[in-house]
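Participant: Have a look at this one.
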Amino acid sequence: MKIVALIPDLMDKSRLSSQPGAHQIEFVGSAALLPIVATGADLVLVDLSRPGVADVLSAVVESCDRVIGFAPHVEDATMAWALSAGAEVLPRSKFFRRAAELLTD
């Protein structure tokens with residue numbers, strides 16, 4: 001299973017890396033690299049609050065099986081555009097609560 005993640009925050013990356021199945025994740029450092037690295041991925045995880053994500057999300061959704069984005073629950077506009085681009089969207093807290101489940105679905 002190919003899993004790609006754009007989660008540059010070290011604390012968030014650490015939280016995700018501690019989950020079962022996380023050894024499969026290929027972390028990407030910038031939104032500009034995401035469409036290239038994520039092509040054909042089974043799962044892409046995206047911190048929607050990162051610079052450049054809005055510019056590449058539609059292309060990533062088109063080239064991958066499943067894209068899940070997360071953002072703080074107060075960022076309604078961010079979550080709305082990600083949904084309209086075709087991504088599944090979760091509030092940040094729910095994303096990390098369900099991380100193990102998401103990695104094994």
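Mind the numbering: the sequence shown is residues 1 to 105 in full-length UniProt numbering, read in order.
Glycine is no exception: its CB is placed at the ideal position from the N, C-alpha and C atoms.
Could you give the uninterrupted runs of the beta strand (DSSP E) lying entirely in the segment 25-88, keeping only those of 3 residues or more?
Facilitator: List check, beta strand (DSSP E) in window: 25-27, 43-47 and 67-71.
Participant: Count the other C-beta atoms from every protein chain shown that fall within 10 angstroms of the C-beta of residue 35, then say buried if there are 16 or more, exposed otherwise.
Facilitator: Answer is buried; the Cβ neighbour count reaches 16.
Participant: Is the Cβ of residue 30 closer than 9 Å to any Cβ of chain D?
Facilitator: Absent from the structure: chain D. Only one protein chain is present.
Participant: Using the DSSP secondary-structure output, state which residues sit across from residue 103 in a beta bridge.
Facilitator: Its beta-bridge partners do not exist; DSSP assigns none.
Participant: Going by CA-CA distance only, name the one from 94, 15 and 7 that's closest to residue 27.
Facilitator: Checking every option, the nearest Cα to that of residue 27 belongs to 7.
Participant: Look at the alpha carbon of residue 71 and the alpha carbon of residue 12, and state the distance between them as a whole number of angstroms.
Facilitator: Between residue 71 and residue 12, the C-alpha separation is close to 12 Å.
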